[in-house]
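All remarks here apply to the structure that follows.
Residue numbers (this note's numbering): 39 to 290.
So, in structure tokens, the structure goes:
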């Protein structure tokens with residue numbers, strides 16, 4: 039699928055538990071070698087160690103790989119322009135890059151207008167330090183407001199088999215060609231139906247849940263988190279699993 043100007047594999051890697059160890063630096067490099075092309079992090083993940091690990095592993099970022107990060111999380115005041123500027127600068131340094139391919143406003147600040155937060159991110163986009171912009175945990179109305187400030191390439195919301203609060207956002211992104219990135223894509227718990235379909239395909243429950251997401255919308259790009267190369271390869275193998283119409287309907 040296309041993210042901005044790049045074609046990427048439709049399953050990425052979440053790194054909210056990634057700490058800066060030699061083993062994890064090698065894990066990130068192995069993930070790219072295994073075919074991962076979207077690596078998702080954030081300014082706050084593991085106190086900044088996630089970004090630092092990715093920077094150590096992938097500077098410069100290989101051609102065809104997107105490292106996405108986020109800023110502005112933590113409640114009232116975290117979306118203020120001065121806070122976002124400081125976090126963007128720190129992310130650029132931690133990732134050892136002059137340009138972040140995809141940068142999300144991590145949360146809408148209840149005390150700062152969405153437009154003011156995104157205008158700050160847009161400043162960096164205009165300078166070339168951010169190439170594409172996303173928003174996270176937002177509804178359709180907020181996405182439309184955001185698009186009046188800056189082009190929105192991706193939306194990252196909590197969504198999986200069990201968590202369907204954002205069905206209307208998935209449908210909106212599908213119509214508008216905006217990448218939808220579901221976080222916690224595997225926190226659905228599976229269940230008997232998932233297990234039965236997994237047995238039928240000689241697959242795992244995790245792979246079935248990812249395959250369902252991929253079937254749900256052509257703009258879907260899950261980012262399951264893992265610190266295990268074996269689990270990462272298991273997740274990537276879900277790209278080859280095609281559910282039948284009947285199987286998809288049973289889980290819908």
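Note that CB positions come from ideal geometry on N, CA and C, so glycine has one too.
Legend entry - Distance between residue 97 and residue 167 (C-alpha atoms, nearest Å): 15 Å
Inset, instruction - Specify the secondary structure class of residue 29 as computed by DSSP and reduced to three states. - result: Here the chain has residues from 39 to 290 only, and residue 29 is not among them.
Inset, instruction - Name, in chain order, the residues that DSSP records as bridge partners for residue 140. - result: 106, 170
Legend entry - Through-space distance from residue 67 to residue 255, alpha-carbon basis: 29 Å
Legend entry - Inter-stretch contact (C-beta, 8 Å, three-pair minimum) for the stretch 112-120 and the stretch 149-157: yes
Inset, instruction - Check residue 51 in the structure and name its three-state DSSP category. - result: strand
Inset, instruction - Grab the span of the alpha helix (DSSP H) containing residue 290 for me, first residue to last. - result: Where residue 290 is concerned, there is no enclosing alpha helix (DSSP H), given that its DSSP letter is neither H nor E.
Inset, instruction - Flag this pair as yes or no: are the beta carbons of residue 245 and residue 200 separated by less than 7 Å? - result: no
Legend entry - Assigned secondary structure, residue 45 (DSSP; H/G/I helix, E/B strand, else coil): strand
Legend entry - Contacting residues, own chain, Cβ-Cβ under 7 Å from residue 44 (five flanking each side not counted): 102, 104
Legend entry - C-beta neighbour in chain C for residue 281, strict 7 Å: Of the chains in the structure shown, none is chain C; there is only one protein chain.
Legend entry - Straight-line Cα distance separating residue 63 from residue 242: 27 Å
Inset, instruction - Verify whether the separation of the beta carbon atoms of residue 69 and residue 251 is less than 7 Å. - result: no
Legend entry - Local conformation of residue 86 per DSSP, three classes: helix
Legend entry - Rounded straight-line distance, which links the Cα of residue 214 to that of residue 285: 27 Å
Inset, instruction - Could you check which residue in 288, 247, 290 has the C-alpha nearest to that of residue 274? - result: 247
Inset, instruction - Just the C-alpha distance for residue 125 and residue 49, rounded to the nearest angstrom, thanks. - result: 27 Å
Legend entry - In DSSP terms, what residue 229 is bridged to: The partner list for residue 229 (beta bridge, DSSP) is empty, contrary to what the question assumes.
Inset, instruction - Decide if the stretch 132-144 is in contact with the stretch 182-195; the criterion is three or more beta carbon pairs, one per stretch, under 8 Å apart. - result: yes
Inset, instruction - Kindly indicate which residue of 123, 204, 121, 88 has the alpha-carbon position closest to the one of residue 179. - result: 204
Inset, instruction - Find out if the Cβ-Cβ distance for the pair residue 137, residue 169 is shorter than 7 Å. - result: yes
Inset, instruction - May I ask you to report which of helix, strand or coil DSSP gives residue 274? - result: helix
Inset, instruction - Throw me the rounded Cβ distance for the residue 265 and residue 65 pair, which I believe falls under 8 Å. - result: 7 Å
Inset, instruction - Would you mind listing the alpha helix (DSSP H) stretches within the stretch 144-202 that are 4+ residues and don't spill past its ends, in chain order? - result: 152-165, 178-185
Inset, instruction - Quickly, what does DSSP pair residue 217 with across the bridge? List them, please. - result: 192
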